[in-house]
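Take a look at the structure set out below.
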Amino acid sequence: AAASAAATTEFDFKAYMGERAVAVNRALDAAIPAGEPPAALHDAMRYALLAGGKRVRPALCLAACAVVGGPEAWAMPAAAAVEMVHTMSLVHDDLPCMDDDDLRRGKPTCHVVYGEPIAVLAGDALLSLSFHHMASVGSYPPDVDPEKHPARVVRAIGELARCIGSEGLVAGQVVDLEMTGTSEPVPLERLEYIHLHKTAALLEASVVIGAIIGGGTDEQIERLRKYARSIGLLFQVVDDILDVTKSSEELGKTAGKDLASDKTTYPKLLGLEKSREFAEKLLSDAIEQLDCFDKEKAAPLLHLANYIAHRQN
Ligand code: GRG
Numbered sequence: 059a060a061a062s063a064a065a066t067t068e069f070d071f072k073a074y075m076g077e078r079a080v081a082v083n084r085a086l087d088a089a090i091p092a093g094e095p096p097a098a099l100h101d102a103m104r105y106a107l108l109a110g111g112k113r114v115r116p117a118l119c120l121a122a123c124a125v126v127g128g129p130e131a132w133a134m135p136a137a138a139a140v141e142m143v144h145t146m147s148l149v150h151d152d153l154p155c156m157d158d159d160d161l162r163r164g165k166p167t168c169h170v171v172y173g174e175p176i177a178v179l180a181g182d183a184l185l186s187l188s189f190h191h192m193a194s195v196g197s198y199p200p201d202v203d204p205e206k207h208p209a210r211v212v213r214a215i216g217e218l219a220r221c222i223g224s225e226g227l228v229a230g231q232v233v234d235l236e237m238t239g240t241s242e243p244v245p246l247e248r249l250e251y252i253h254l255h256k257t258a259a260l261l262e263a264s265v266v267i268g269a270i271i272g273g274g275t276d277e278q279i280e281r282l283r284k285y286a287r288s289i290g291l292l293f294q295v296v297d298d299i300l301d302v303t304k305s306s307e308e309l310g311k312t313a314g315k316d317l318a319s320d321k322t323t324y325p326k327l328l329g330l331e332k333s334r335e336f337a338e339k340l341l342s343d344a345i346e347q348l349d350c351f352d353k354e355k356a357a358p359l360l361h362l363a364n365y366i367a368h369r370q371n
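Each number in full-length UniProt numbering corresponds to the 1-based position in the sequence shown with 58 added.
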């Protein structure tokens, strides 16, 4: 009830996301020189990065900076950085040695257009560029104590590295790959491990980095971390539910594609009803973490959580 009451406050979420996407796209466009040698590499990086995408992670980063009272502009290089990491993870995930996908964001995948070696290297270069951008948060915003600001930047860089490395995003991908092709159903804890690492870790980094750069207190940062982990898991539970409901709609029957496929999902392990209850619980857990913040400043994070919970595709 708290969630729906709060959700009715005046806030134009569509406009909010649209404006952030424009600003982030501008930063990403400026980050990579078009046509500069090696042209194939830079073209491939730009192709992957500027191909669309909802820009949820940068929006989270900017919103987290703002909720702790920091100007959004401070977090823009970090917002660009998390989108670069997200994009490079998609480029590598699509490779023939991983998921082997031909389409991404409605367009041919990076390796289909530029070849595998360039796609691997474009991903590597995007990862490096993301840390370059993180470090560039180092130019002092005028109203931050110059003693404190570099410490925030170093801490944020450490967060990003930890969340995406062998204990984060990469770990989730490895465990997911280990599960692929086994006929055994994946136990619930294993499924949760994969989602917390593959999906939630980068959402966590996006939010936490924004809050660090914005000057949040340790308590605020930890609350926002919990918020992000809940919405990260929520993202996947909703994805699984949509997989079932969409395909049953399409097929006009109750058992959809998901229930028939090999992939282990929440509806498969818990049933559709319990999966929906779990999603509602994750949403209310996430929203609870926003209680201690100014309501108006927390509106974007509240609406982002509601959007992730109630999106239709
Ligand atoms: C990070 C160093 C490093 C390596 C990458 C390949 C790999 C290791 C990880 C794969 C991670 C992966 C594909 C996670 C899935 C993430 C996910 C939920 C994607 C969909 O996100 P959306 O819906 O996509 O935000 P758009 O296109 O809107 O950006």
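Where a beta carbon is used, it is the ideal one built from N, C-alpha and C, also for glycine.
{"Query": "Per-residue burial, residue 82 [other beta carbons within 10 Å of its own, 16 or more giving buried]", "Result": "buried"}
{"Query": "Beta-carbon spacing of residue 169, residue 153 below 8 Å", "Result": "yes"}
{"Query": "Cβ-based neighbour list, residue 121, same chain, cut-off 6 Å, excluding 5 preceding and 5 following", "Result": "358, 359"}
{"Query": "C-beta atoms of residue 144 and residue 260 nearer than 8 Å", "Result": "yes"}
{"Query": "beta-carbon residue 148 near the ligand GRG non-hydrogen atom, thresh 7 Å", "Result": "yes"}
{"Query": "Alpha helix (DSSP H) runs contained entirely in the region 144–214, provided each spans 4 or more residues", "Result": "168–172, 174–193"}
{"Query": "Residue 165 Cβ short of 7 Å to the ligand GRG heavy atom set", "Result": "no"}
{"Query": "First through last residue of the alpha helix (DSSP H) which encompasses residue 343", "Result": "330–346"}
{"Query": "Check: residue 184 C-beta below 7 Å from any heavy atom of the ligand GRG", "Result": "no"}
{"Query": "Identity of the residue in 210, 206, 177 nearest residue 192 by Cα", "Result": "210"}
{"Query": "CA nearest to the CA of residue 134, picked from 221, 233, 194, 321", "Result": "194"}
{"Query": "Spatially closest choice to residue 246 from 305, 118, 203, 333, by CA coordinates", "Result": "333"}
{"Query": "CB-CB length for residue 181 against residue 150, believed under 8 Å", "Result": "5 Å"}
{"Query": "Contact test: residue 72 Cβ vs the ligand GRG heavy atom, cutoff 7 Å", "Result": "no"}
{"Query": "Buried/exposed call for residue 253, threshold 16 Cβ in 10 Å", "Result": "buried"}
{"Query": "The ligand ATP heavy atom lying under 7 Å from the CB of residue 216", "Result": "Questions concerning the ligand ATP fall outside what the structure shown contains, since the ligands it does hold are the ligand GRG."}
{"Query": "Limits of the unbroken alpha helix (DSSP H) element including residue 252", "Result": "246–253"}
{"Query": "Contact check, residue 264 vs residue 123, beta carbons under 8 Å", "Result": "no"}
{"Query": "Check: residue 158 C-beta below 7 Å from any heavy atom of the ligand GRG", "Result": "no"}
{"Query": "The alpha helix (DSSP H) enclosing residue 364, as first and last residue numbers", "Result": "353–368"}
{"Query": "Same chain, Cβ closer than 7 Å to residue 147, five either side skipped, listed in chain order", "Result": "227"}
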